[in-house]
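Each residue of the sequence shown is one higher than the one before, counting from 1 in my numbering. Ideal placement from N, C-alpha and C gives every residue a C-beta, glycine not left out.
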Amino acid sequence: MPSGEGQPIRVGPEVCERVRWSDVDVMGIVYYGKYLRFMEAAEAEFFRATRFSYGRIAGEFGVWIARVRLECDYRAPARLDDEIVCRAELRELAAASMTFAFPIDRADGTRLADGVLVLAALDRETLRPKRLPAPLAAALRGDAAFR
């Protein structure tokens, strides 16, 4: 796996997606860039579980959450109509950034890919790094009092 190894701080819900016709290339295999769709769906469900949507983060705290780094190691091909299971695992939480790992499996348990995504908190006006708001950081760690 790329960076983002170690025990997760928090694990989001599993997201199940079917491989669509628009996901596959001429070989009938999921096009490499489409794995981002699976990661994005898992990321959205992770944040939904914290009750901090991106709109809420921007509105309440004046912070954008930007993607600043992406890695993906491809293990096995996925094909049309395969059921894909992905989840977001928070691996690192820093002052102004967070690192997620994304194990991506076929429903039969075959590992298809391992993704890593680094997100940074940016001031909405200046687009400069900004410390994660304390309530958001606490919710990311799983502290129910801050949801």
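Put simply, the backbone Cα of F52 is about 12 Å away from that of E43.
Assignment of beta-bridge partners to T99 by DSSP yields E92, V118. Within the DSSP secondary-structure output, W21 pairs in no beta bridge.
Runs of the beta strand (DSSP E) spanning 3 or more residues and lying entirely within the segment 31–111 occur at 63–74, 83–86, 89–93, 97–106, in chain order.
Between the alpha carbons of L136 and V26 lies a gap of roughly 43 Å. Under a 10 Å Cβ-count criterion, E89 is classified as buried, with 16 or more other Cβ atoms of the shown protein chains found around its own Cβ.
Three or more Cβ pairs closer than 8 Å define a contact, and the segment 113–124 meets that threshold against the segment 86–103. Straight-line spacing of the CA atoms in A134 and D108 works out to 39 Å.
In the DSSP assignment, L140 falls within the unbroken alpha helix (DSSP H) covering 134–141. In this structure, DSSP gives P13 a state outside helix and strand, which the three-state scheme calls coil. Here DSSP, grouped into helix, strand and coil, assigns P8 to coil. Less than 7 Å divides the Cβ of I9 from the Cβ of L93. Rounded to the nearest whole angstrom, the C-alpha separation of E60 and F46 is 19 Å.
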